[in-house]
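Plus 334 on top of the position in the sequence shown (first one is 1) and you've got this note's numbering.
Let me begin by presenting the structure, written as structure tokens, before commenting on it.
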Amino acid sequence: MIGSQGGECVLELLGEKEGTVLELCASYATIQSQERSAGFDEVIGQYPGIHKETWNLENDMKDPAYDRVYVKKDELEKVDVIFANNDAVALGAYEALTDLGMEKEIPVVGCDGYTGENEGVDLVLQNKLAATISCPTGGKEAIQYALNILEEDSGVPKQVILRSHTIQKKNAREYLERIRKDYEDNGEEITVGYSQVGTESQWRLANTRSIKEAAEEFHIQLFMEDANQSQEKQIEAIRSFIKKKVDVIVVSPVVETGWTEVLKEARAAGIPVVMSDRKIEADSDLVNTYIGADFVEEGKRAMRWIRENVETGDGTKKILELQGNKGASPTEERRKGFLEILEKYPRYQMAYSAYGDFTYEGGKKIVEDYLKGQEWDIDIIYSHNDDMALGAIEVLEEHGIRPGVDVTIVSVDATRDAFEAMTEGKLNCAVECNPLLGPQLMKAVRDMVAGKEMPLRIITEEKVYDQTTAEKEIGKRKY
Ligand code: GZL
């Protein structure tokens with residue numbers, strides 16, 4: 335993200351989208367430098383009129399960068415802008431340009447944006463750097479989460495992706511004020527409009543309970559509308575929240591697309607929006623934060639478990655997939671992650687896949703339909719959630735097929751029902767997807783209303799359980 339913001343900034347400086355960029359890669363062997371460079375290339379690579387030269391520097395210090403730039407005056411003649419992937423190197427380049435009398439012709443962009451004297455933001459204010467891209471340290475967040483872990487709070491996230499900013503002369507002072515301002519949560523009651531997907535699964539019921547309990551704990555007046563898996567009802571609910579002038583709107587979106595118009599209405603009304611549980615496709619400036627799981631990783635974990643626990647020998651294994659509702663981010667991404675691993679192992683084959691809408695009846699129907707068409711020849715069932723897996727198990731048993739024995743069943747969510755099925759030997763593996771998002775969500779809402787900048791994403795932690803761990807874990811399950 336930092337590299338791509340550097341790319342956007344360089345494009346702005348180049349104006350007509352043509353020219354030559356000199357990229358100074360500080361400590362080029364480090365993953366951080368490579369990621370910044372890759373993000374930078376993603377943006378400027380879209381403009382054939384922009385040519386990039388890269389100089390790989392051994393370290394990220396100012397003086398070696400100065401020396402490297404100073405001796406290459408003849409090569410600088412054709413350079414229009416310098417992008418350095420850290421501020422110390424950017425300053426070294428600026429000082430060399432100054433001693434060569436070229437600092438007015440070649441603007442320099444750095445990265446890190448630290449706020450001390452002669453660091454990124456200060457160098458921008460001194461007109462030495464044209465811009466710096468901030469790299470949030472996350473120190474405050476890390477300490478807070480460490481305390482949460484010590485206090486054994488539930489739902490401590492696996493990953494918090496903080497925002498980075500492009501800091502130029504025009505916004506440097508406002509940026510400094512914002513990050514130095516310690517937000518104070520005055521404990522006032524806040525109103526939140528929450529558009530919930532529905533009541534389609536045990537996961538959803540646990541998620542709703544968690545949201546409601548956390549709202550009380552955080553003194554938040556919650557207006558929750560259940561959409562029964564209808565996007566139209568969700569959009570109606572969002573419009574009703576706008577009319578109510580709630581402080582924050584939270585959506586658990588039934589599908590990924592079709593939200594732009596109503597989210598623009600929320601933005602026009604000055605009401606921030608948080609996506610909880612599921613993601614959408616929309617401009618990033620329409621959504622403040624996404625709190626939820628990494629569904630692609632969940633799909634990968636399911637197939638990795640199969641690979642490690644279901645032998646194919648010299649034969650092949652046929653897989654039947656029970657998908658959630660079409661167009662939902664967990665559906666699309668759990669499938670994507672699963673297939674990404676599956677395609678590496680041709681002895682496992684996706685034989686049949688259908689949408690079960692995350693419901694018990696949906697899972698039943700897919701297996702009933704399959705059995706109408708042919709003899710049962712499936713070795714493995716991969717289900718996007720427990721409810722569909724449990725519906726499938728009921729039908730298998732009706733047909734004398736032993737779930738967990740004649741057919742291996744892997745599911746996602748890891749609700750209490752899944753643990754019971756695993757201890758009964760009917761389900762083989764459950765990939766966890768934590769529904770207890772309430773505490774993180776309501777903390778994020780209070781922080782936002784208090785004026786604190788919100789992370790871009792808060793990703794929940796997940797584990798994988800199977801019959802070797804289910805017995806020990808089931809007593810701890812809260813949902
Ligand atoms: C996942 C959530 C999914 C669950 C299902 O975050 O959106 O929707 O996996 C639920 O059980 O219906």
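For glycine and all other residues, C-beta sits at the position ideal for the given N, C-alpha and C.
Since the model is a prediction, treat every value here as computed from it, not as a measurement.
The region 555-565 and the region 625-637 do not touch, with fewer than three beta-carbon pairs separated by less than 8 Å.
Comparing alpha-carbon positions, the option among Leu431, Leu358, Val585, Gly340 lying closest to Phe374 turns out to be Gly340. Under the DSSP assignment, Glu511 falls in the alpha helix (DSSP H) whose first and last residues are 506-514. Taking non-hydrogen atoms of ligand 1 into account, the C-beta of Pro680 is found less than 8 Å away from none of them. Glu523: not part of any alpha helix (DSSP H); DSSP gives it neither H nor E. For Leu730, the closest C-alpha among the options Asn520, Lys698, Gly707 is that of Lys698.
In the three-state DSSP reduction, Asp421 falls in the helix class (H, G or I). When the beta-carbon positions are compared, Ala723 and Ala685 stay at least 9 Å from each other. Taking all protein chains in view, the Cβ of Lys777 is crowded by 16 or more other Cβ atoms within 10 Å, so the residue is classified as buried. In this structure, DSSP gives Arg791 an extended state, which the three-state scheme calls strand.
Counting only the Cα atoms, Arg681 lies some 44 Å from Thr388.
About 6 Å separates the beta carbon of Glu376 from that of Ser338, a gap short enough to meet the 8 Å contact definition. The Cβ-Cβ distance between Val644 and Ile714 falls below 9 Å.
Relative to the non-hydrogen atoms of ligand 1, the Cβ of Arg612 comes within a distance shorter than 8 Å of at least one.
Judged by their CB atoms, Val443 and Lys462 are not nearer to each other than the 9 Å cut-off.
For Phe374, the enclosing alpha helix (DSSP H) stretches over residues 365-378. Excluding sequence positions up to five before and after Phe575, its CB lies within less than 6 Å of the CB of Gly527, Ile583, all in the same chain and listed in chain order. Rounded to the nearest angstrom, the Cβ distance from Ala627 to Asn768 is 7 Å, consistent with a contact under 8 Å. A residue is called buried once 16 or more other Cβ atoms fall within 10 Å of its Cβ, and Gln568 is buried on that count.
Counting only residues of its own chain and dropping the five nearest sequence neighbours on each side, Ile625 has a CB closer than 6 Å to the CB of Ser610, Leu771, Gln774, Leu775, Ile792. Residue state for Thr449 is assigned as coil, using DSSP reduced to three classes. In this structure, Gly785 lies near Tyr517, with their beta-carbon atoms less than 9 Å apart. Taken atom to atom, the span from the alpha-carbon of Ala548 to that of Glu796 is near 20 Å. When Ser687, Cys445, Asp401 are compared, the shortest CA-CA separation from Ala430 is found for Asp401. A Cβ-Cβ distance of about 6 Å is found for the pair Val744 and Trp639, placing them in contact under the 8 Å criterion. Its chain contains Lys407 as the residues whose beta carbon lies nearer than 6 Å to that of Leu434, once the 5 sequence neighbours on both sides are disregarded; these appear in chain order. Taking each of Thr749, Gly696, Leu654 in turn and checking the Cα distance to Trp710, the smallest one comes out for Leu654. If you check the CB distance, Leu656 and Gly604 do not come in under 9 Å.
Between Cys359 and Thr500, the C-beta spacing is not below 9 Å.
About 16 Å separates the Cβ atoms of Ile416 and Gly447, ruling out a contact at the 8 Å cut-off. Leaving aside the five residues that flank Asp581 on each side, the residues in its chain whose CB is nearer than 7 Å to its CB run, in chain order, Ile524, Thr525, Val526, Val783. Taking non-hydrogen atoms of ligand 1 into account, the C-beta of Gly658 is found less than 8 Å away from one of them. With contacts defined by Cβ atoms closer than 9 Å, Ser535 and Thr794 do not form a contacting pair.
Ser687 sits away from Ile614, with the two beta carbons spaced by 9 Å or more.
Each residue's CA atom was taken as its position, placing Gly426 and Cys445 some 13 Å apart. Here Ser687 is bridged, per DSSP, to Glu655.
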